[in-house]
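Student: Right, I'll just put the structure down here and ask away after.
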Amino acid sequence: MAIDVTEETFQAEVVDRSRELPVVVDFWADWCGPCKALTPALERAEEARAGKVILAKVDVDSNQALSAQFQVQGIPAVKAFRDGAVADEFVGALPPARVEAFFDGLAPSRADELLAAGDELSLREAAELEPNRADLAVALAKARLERGAEAEALEAVAAHENDFAAAGIAARVRLAEAGISTDAFAALDRGNRDAALDGLLGELAGADPDTRDLLRQAIVGILSEFDPADPRPRDYRRKLSAALG
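Right, here's the structure in full:
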(Lines of atoms letter the chains of each structure in order from A and count residues from 1; the text may use other names and numbers.)
(Lines give C-alpha, C1' and ligand atoms only; values in the text may rest on other atoms or scores of the structure.)
Protein backbone atom coordinates (compact mmCIF):
# COMPACT_ATOMS: atom_id res chain seq x y z
CA MET A 1 0.00 0.00 0.00
CA ALA A 2 1.28 3.43 -0.90
CA ILE A 3 2.54 5.70 1.86
CA ASP A 4 1.83 9.44 1.94
CA VAL A 5 5.03 11.46 2.15
CA THR A 6 5.48 15.10 3.13
CA GLU A 7 8.35 17.55 3.11
CA GLU A 8 9.08 16.57 6.71
CA THR A 9 9.18 12.81 6.05
CA PHE A 10 10.61 12.70 2.52
CA GLN A 11 14.25 12.31 3.57
CA ALA A 12 13.57 9.32 5.81
CA GLU A 13 10.78 7.64 3.85
CA VAL A 14 12.20 8.11 0.37
CA VAL A 15 15.86 9.11 0.20
CA ASP A 16 17.16 7.09 3.15
CA ARG A 17 14.85 4.15 2.54
CA SER A 18 15.88 3.94 -1.11
CA ARG A 19 19.31 2.81 0.01
CA GLU A 20 17.66 -0.47 1.01
CA LEU A 21 14.80 -0.81 -1.50
CA PRO A 22 13.73 1.15 -4.60
CA VAL A 23 11.09 3.78 -3.79
CA VAL A 24 8.71 4.99 -6.50
CA VAL A 25 7.32 8.46 -5.77
CA ASP A 26 4.07 9.57 -7.38
CA PHE A 27 3.75 13.37 -7.46
CA TRP A 28 0.01 13.98 -7.77
CA ALA A 29 -2.92 16.24 -6.84
CA ASP A 30 -6.55 15.55 -6.01
CA TRP A 31 -7.80 17.70 -8.91
CA CYS A 32 -5.66 15.82 -11.47
CA GLY A 33 -7.71 13.35 -13.53
CA PRO A 34 -4.72 11.56 -15.14
CA CYS A 35 -3.22 11.13 -11.64
CA LYS A 36 -6.28 9.23 -10.51
CA ALA A 37 -6.16 7.11 -13.67
CA LEU A 38 -2.51 6.21 -13.03
CA THR A 39 -2.82 5.38 -9.32
CA PRO A 40 -4.39 1.90 -9.71
CA ALA A 41 -1.62 0.79 -12.09
CA LEU A 42 1.06 2.01 -9.68
CA GLU A 43 -0.58 0.27 -6.74
CA ARG A 44 -0.97 -3.02 -8.64
CA ALA A 45 2.67 -2.89 -9.71
CA GLU A 46 3.81 -2.32 -6.13
CA GLU A 47 1.59 -5.09 -4.77
CA ALA A 48 2.79 -7.56 -7.40
CA ARG A 49 6.37 -7.11 -6.24
CA ALA A 50 5.64 -8.13 -2.68
CA GLY A 51 7.76 -5.65 -0.77
CA LYS A 52 10.62 -5.38 -3.27
CA VAL A 53 9.56 -1.86 -4.32
CA ILE A 54 7.89 0.82 -2.17
CA LEU A 55 5.30 3.25 -3.54
CA ALA A 56 5.10 6.74 -2.01
CA LYS A 57 2.73 9.59 -2.88
CA VAL A 58 3.44 13.32 -2.67
CA ASP A 59 0.56 15.81 -2.90
CA VAL A 60 2.13 18.64 -4.89
CA ASP A 61 -0.31 21.25 -3.55
CA SER A 62 0.66 20.53 0.05
CA ASN A 63 4.37 20.00 -0.65
CA GLN A 64 5.35 22.68 -3.10
CA ALA A 65 8.96 22.81 -1.93
CA LEU A 66 9.41 19.14 -2.90
CA SER A 67 7.84 19.79 -6.28
CA ALA A 68 10.28 22.63 -6.87
CA GLN A 69 13.27 20.64 -5.60
CA PHE A 70 12.60 17.81 -8.03
CA GLN A 71 11.50 20.09 -10.89
CA VAL A 72 8.00 18.72 -11.17
CA GLN A 73 6.45 20.74 -13.99
CA GLY A 74 3.54 18.47 -14.90
CA ILE A 75 1.62 15.73 -13.12
CA PRO A 76 1.38 12.89 -12.66
CA ALA A 77 5.15 12.81 -12.35
CA VAL A 78 6.69 9.55 -11.19
CA LYS A 79 10.29 9.37 -9.97
CA ALA A 80 12.05 6.22 -8.83
CA PHE A 81 14.70 6.57 -6.14
CA ARG A 82 17.51 4.11 -5.62
CA ASP A 83 20.63 4.54 -3.48
CA GLY A 84 19.46 7.98 -2.41
CA ALA A 85 18.96 9.51 -5.86
CA VAL A 86 16.54 9.55 -8.78
CA ALA A 87 17.25 6.48 -10.90
CA ASP A 88 14.38 6.71 -13.41
CA GLU A 89 11.26 8.77 -14.04
CA PHE A 90 8.31 9.44 -16.32
CA VAL A 91 5.55 12.03 -16.70
CA GLY A 92 1.92 11.33 -17.59
CA ALA A 93 -0.51 8.47 -17.16
CA LEU A 94 1.28 5.57 -18.82
CA PRO A 95 -0.69 2.42 -19.72
CA PRO A 96 -0.42 -0.46 -17.21
CA ALA A 97 2.01 -2.47 -19.34
CA ARG A 98 4.51 0.38 -19.38
CA VAL A 99 4.07 0.94 -15.65
CA GLU A 100 4.89 -2.74 -15.10
CA ALA A 101 7.99 -2.40 -17.29
CA PHE A 102 9.06 0.67 -15.27
CA PHE A 103 8.80 -1.30 -12.03
CA ASP A 104 10.60 -4.27 -13.60
CA GLY A 105 13.60 -2.05 -14.16
CA LEU A 106 13.78 -1.28 -10.45
CA ALA A 107 13.05 -4.51 -8.63
CA PRO A 108 15.92 -6.98 -8.29
CA SER A 109 15.71 -9.78 -10.83
CA ARG A 110 15.72 -13.43 -9.81
CA ALA A 111 19.34 -13.56 -10.97
CA ASP A 112 20.22 -10.62 -8.71
CA GLU A 113 18.67 -12.41 -5.75
CA LEU A 114 20.65 -15.55 -6.53
CA LEU A 115 23.85 -13.51 -6.87
CA ALA A 116 23.21 -12.03 -3.43
CA ALA A 117 22.82 -15.56 -2.03
CA GLY A 118 26.39 -16.22 -3.16
CA ASP A 119 26.60 -20.01 -2.97
CA GLU A 120 27.74 -21.93 -6.03
CA LEU A 121 24.38 -23.59 -6.70
CA SER A 122 22.61 -20.21 -6.67
CA LEU A 123 25.29 -18.64 -8.85
CA ARG A 124 25.01 -21.44 -11.40
CA GLU A 125 21.26 -20.91 -11.61
CA ALA A 126 21.76 -17.15 -11.94
CA ALA A 127 24.24 -17.61 -14.80
CA GLU A 128 21.80 -19.92 -16.54
CA LEU A 129 18.98 -17.39 -16.19
CA GLU A 130 21.06 -14.49 -17.56
CA PRO A 131 23.95 -15.99 -19.56
CA ASN A 132 24.97 -12.64 -21.04
CA ARG A 133 25.90 -11.15 -17.65
CA ALA A 134 29.63 -11.30 -17.09
CA ASP A 135 29.31 -10.43 -13.39
CA LEU A 136 27.35 -13.62 -12.78
CA ALA A 137 29.88 -15.69 -14.72
CA VAL A 138 32.76 -14.18 -12.76
CA ALA A 139 31.05 -14.85 -9.43
CA LEU A 140 30.40 -18.47 -10.45
CA ALA A 141 33.99 -18.92 -11.60
CA LYS A 142 35.30 -17.60 -8.27
CA ALA A 143 33.09 -20.03 -6.38
CA ARG A 144 34.49 -22.88 -8.46
CA LEU A 145 38.04 -21.73 -7.89
CA GLU A 146 37.40 -21.85 -4.14
CA ARG A 147 36.95 -25.62 -4.38
CA GLY A 148 39.85 -26.04 -6.82
CA ALA A 149 37.70 -26.68 -9.90
CA GLU A 150 39.83 -24.67 -12.30
CA ALA A 151 38.52 -26.27 -15.50
CA GLU A 152 34.94 -25.53 -14.43
CA ALA A 153 35.91 -21.96 -13.56
CA LEU A 154 37.34 -21.52 -17.05
CA GLU A 155 34.14 -22.91 -18.53
CA ALA A 156 32.08 -20.38 -16.55
CA VAL A 157 33.85 -17.36 -18.09
CA ALA A 158 34.52 -18.79 -21.56
CA ALA A 159 31.79 -16.71 -23.21
CA HIS A 160 32.93 -13.42 -21.65
CA GLU A 161 36.45 -12.93 -22.99
CA ASN A 162 35.81 -9.20 -23.52
CA ASP A 163 35.16 -8.63 -19.82
CA PHE A 164 38.35 -7.75 -17.92
CA ALA A 165 37.47 -9.67 -14.74
CA ALA A 166 36.43 -12.75 -16.71
CA ALA A 167 39.56 -12.60 -18.86
CA GLY A 168 41.64 -12.30 -15.69
CA ILE A 169 40.18 -15.48 -14.27
CA ALA A 170 40.73 -17.29 -17.56
CA ALA A 171 44.36 -16.13 -17.55
CA ARG A 172 44.80 -17.41 -14.00
CA VAL A 173 43.54 -20.86 -14.99
CA ARG A 174 45.72 -20.97 -18.10
CA LEU A 175 48.77 -20.04 -16.07
CA ALA A 176 48.02 -22.98 -13.78
CA GLU A 177 47.49 -25.27 -16.77
CA ALA A 178 50.91 -24.21 -18.06
CA GLY A 179 52.45 -25.28 -14.77
CA ILE A 180 53.11 -21.74 -13.64
CA SER A 181 52.19 -21.56 -9.96
CA THR A 182 52.27 -18.30 -8.06
CA ASP A 183 51.73 -17.27 -4.47
CA ALA A 184 50.01 -14.15 -5.79
CA PHE A 185 46.72 -15.94 -6.35
CA ALA A 186 46.84 -17.43 -2.87
CA ALA A 187 47.12 -13.87 -1.56
CA LEU A 188 44.21 -12.85 -3.79
CA ASP A 189 42.09 -15.70 -2.39
CA ARG A 190 42.85 -14.40 1.11
CA GLY A 191 41.50 -11.00 0.06
CA ASN A 192 44.90 -9.28 -0.18
CA ARG A 193 44.72 -7.62 -3.59
CA ASP A 194 47.82 -5.49 -3.03
CA ALA A 195 50.00 -8.51 -2.30
CA ALA A 196 48.52 -10.31 -5.30
CA LEU A 197 49.22 -7.41 -7.65
CA ASP A 198 52.74 -6.90 -6.32
CA GLY A 199 53.45 -10.59 -6.77
CA LEU A 200 52.13 -10.73 -10.32
CA LEU A 201 54.02 -7.59 -11.30
CA GLY A 202 57.19 -9.12 -9.92
CA GLU A 203 56.77 -12.19 -12.09
CA LEU A 204 56.61 -10.19 -15.32
CA ALA A 205 60.38 -9.78 -15.38
CA GLY A 206 61.98 -12.62 -17.27
CA ALA A 207 58.71 -14.25 -18.32
CA ASP A 208 58.27 -15.35 -21.92
CA PRO A 209 55.86 -13.33 -24.12
CA ASP A 210 52.90 -15.70 -23.73
CA THR A 211 53.28 -15.85 -19.96
CA ARG A 212 53.70 -12.08 -19.75
CA ASP A 213 50.42 -11.62 -21.61
CA LEU A 214 48.60 -13.98 -19.26
CA LEU A 215 50.08 -12.19 -16.25
CA ARG A 216 48.99 -8.88 -17.75
CA GLN A 217 45.43 -10.14 -18.19
CA ALA A 218 45.36 -11.45 -14.64
CA ILE A 219 46.56 -8.08 -13.31
CA VAL A 220 44.05 -6.10 -15.38
CA GLY A 221 41.29 -8.42 -14.21
CA ILE A 222 42.07 -7.75 -10.57
CA LEU A 223 42.29 -4.00 -11.17
CA SER A 224 38.87 -3.99 -12.84
CA GLU A 225 37.22 -5.07 -9.60
CA PHE A 226 38.43 -2.18 -7.45
CA ASP A 227 36.00 0.49 -6.36
CA PRO A 228 36.14 3.35 -8.92
CA ALA A 229 36.96 5.78 -6.10
CA ASP A 230 39.99 3.78 -4.99
CA PRO A 231 43.23 5.49 -6.11
CA ARG A 232 45.34 2.31 -6.07
CA PRO A 233 44.46 1.01 -9.55
CA ARG A 234 45.95 4.14 -11.12
CA ASP A 235 49.28 3.48 -9.42
CA TYR A 236 49.25 -0.19 -10.35
CA ARG A 237 48.42 0.56 -13.98
CA ARG A 238 51.43 2.84 -14.09
CA LYS A 239 53.59 0.09 -12.63
CA LEU A 240 52.19 -2.40 -15.15
CA SER A 241 52.92 -0.10 -18.05
CA ALA A 242 56.50 0.39 -16.84
CA ALA A 243 57.00 -3.36 -16.33
CA LEU A 244 55.77 -4.15 -19.84
CA GLY A 245 58.11 -1.55 -21.25
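In this text, residue positions in the sequence shown follow the numbering used here: the first is 35, and each later residue adds one. The beta-carbon is built from N, C-alpha and C at its ideal position, and this holds for glycine as well. On a predicted model such as this, the values are computed, not experimentally measured, just so you know.
State yes or no: is the C-beta of residue 60 within less than 9 Å of the C-beta of residue 73?
Tutor: Result yes, Cβ atoms of residue 60 and residue 73 sit closer than 9 Å.
Student: Measuring alpha carbon to alpha carbon, tell me which of 242, 261 and 35 ends up nearest residue 89.
Tutor: Of the listed residues, the one whose Cα sits closest to residue 89 is 35.
Student: Quick one: what does DSSP say residue 112 is sitting in, helix, strand or coil?
Tutor: It is a strand residue.
Student: Taking the beta strand (DSSP E) that residue 89 falls in, what are its first and last residues?
Tutor: First-last of the beta strand (DSSP E) with residue 89: 88 to 93.
Student: Closest to residue 76 by C-alpha separation, out of 235, 244, 146 and 127, would be which residue?
Tutor: If we check each option's Cα against that of residue 76, 127 comes out closest.
Student: I'd like the span of the alpha helix (DSSP H) that includes residue 217, first residue to last.
Tutor: Element bounds for residue 217: 217 to 223.
Student: Quick check: the stretch 151 to 171 against the stretch 105 to 118, are at least 3 beta-carbon pairs closer than 8 Å?
Tutor: Touching, no, given that fewer than three Cβ pairs across the two stretches are closer than 8 Å.
Student: Taking the alpha-carbon positions, what's the residue 138 to residue 244 distance?
Tutor: Going by the C-alpha atoms only, they are around 45 Å apart.
Student: Within the stretch 229 to 263, note down every full alpha helix (DSSP H) run reaching 4 residues or more, in order along the chain.
Tutor: Those alpha helix (DSSP H) runs which fall completely within the stretch 229 to 263 and span 4+ residues are 243 to 257.
Student: Looking only at its own chain, which residues have a Cβ that is under 7 Å from the Cβ of residue 87, when we skip the five neighbours before and after it?
Tutor: Closer than 7 Å at Cβ, skipping near neighbours: 55, 56, 58, 80, 137, 140 and 141.
Student: Should residue 218 and residue 251 be called a contact, given that it needs their Cβ atoms to be closer than 9 Å?
Tutor: No, these two residues do not count as a Cβ contact at 9 Å.
Student: What does residue 37 pair with, by DSSP beta-bridge criteria?
Tutor: 90.
Student: What's the call for residue 13, buried or exposed, on a 16-neighbour Cβ count within 10 Å?
Tutor: No statement about residue 13 is possible, as the shown extent of the chain runs from 35 to 279 and does not include it.
Student: Enumerate in chain order the residues of its own chain whose CB-to-CB distance from residue 317 is below 8 Å, with the five nearest sequence positions on each side excluded.
Tutor: Past the edges of the chain, shown from 35 to 279, lies residue 317, and the structure says nothing about it.
Student: Do the stretch 221 to 236 and the stretch 196 to 203 touch if we need at least three Cβ pairs shorter than 8 Å?
Tutor: Flag = no, the stretch 221 to 236 and the stretch 196 to 203 do not touch.
Student: Give the straight-line distance between the Cα atoms of residue 125 and residue 133, rounded to the nearest whole angstrom.
Tutor: Each residue's alpha carbon lies about 11 Å from the other.
Student: So, using beta-carbon positions, are residue 176 and residue 214 closer together than 9 Å?
Tutor: No, the Cβ-Cβ distance between residue 176 and residue 214 is not below 9 Å.
Student: Of the residues 195, 236, 183 and 190, which one's Cα is nearest the Cα of residue 211?
Tutor: For the residues 195, 236, 183 and 190, the minimum Cα distance to residue 211 belongs to 183.
Student: Look up residue 84 in the DSSP assignment and say whether it is helix, strand or coil.
Tutor: Of the three classes helix, strand and coil, the one that applies to residue 84 here is coil, per DSSP.
Student: Note down the Cα distance separating residue 195 from residue 188, rounded to an integer number of angstroms.
Tutor: About 10 Å.
Student: Report yes if the CB atom of residue 53 is closer than 9 Å to the CB atom of residue 117, and no otherwise.
Tutor: Yes, the Cβ-Cβ distance between residue 53 and residue 117 is below 9 Å.
Student: If you drop the 5 nearest sequence neighbours on each side, which residues of the same chain put their C-beta closer than 8 Å to that of residue 181?
Tutor: Cβ within range, chain order: 154.
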